[in-house]
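Report on one structure; see the data block that follows.
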Amino acid sequence: MPCYRCGARQTDPVRGASPWQRGVRNESQVLICPDCQRLHDHDLDACSTCGSAALICRLGEVECRSCGAVRMARSDALTVSVPPPPGLSAEVEAALNRVLGRA
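Letter 61 of the sequence shown, counting from 1, is numbered 533 in the working numbering, and no numbers are missing.
Encoded structure:
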């Protein structure tokens with residue numbers, strides 16, 4: 473999953489904690505790269521109970537990692553599609569060609 477702000481793709485992590493941040497924006501799980509963490513206001517969803525932005529979204533639920541509150545994700549927000557980052561289809565095609573030994 474790329475950074476939702478700049479489209480940078482996460483590489484294989486080194487051992488230890490990942491420098492990428494997770495969050496929820498418009499009822500969808502997003503990743504934020506280290507550069508965007510320093511440069512931008514993240515505009516992430518916040519917990520309606522405690523106000524924390526430490527949310528995770530999974531299986532139609534949004535859970536706050538600070539207070540443990542769980543709520544159903546809004547179904548109207550789940551239909552929003554995010555376009556793939558530019559050049560992603562070309563990268564996938566090149567990777568498949570390498571793996572499958574195509575010229």
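Backbone N, C-alpha and C define an ideal beta-carbon position, used for all residues, glycine too.
Computed from a prediction, not measured in an experiment: that's the story for all the values here.
Please name the residue, chosen from L568, C478, P474, V496, that lies closest to A545 on a Cα-to-Cα basis. V496
Look up L516 in the DSSP assignment and give the residues it is bridged to. Answer is none; L516 lacks a bridge partner.
Taking only three categories from DSSP, how would you classify E499? coil
L531: first and last residue of the uninterrupted alpha helix (DSSP H) it sits in: From DSSP, L531 is part of no alpha helix (DSSP H); its letter is neither H nor E.
In angstroms with no decimal places, state the Cα-to-Cα distance between R530 and R570. 33 Å
Considering only residues of the same chain and omitting the five flanking positions on each side of D517, which have a CB-CB separation below 8 Å? G495, V496, R497, N498, E499, A525, L527, V534
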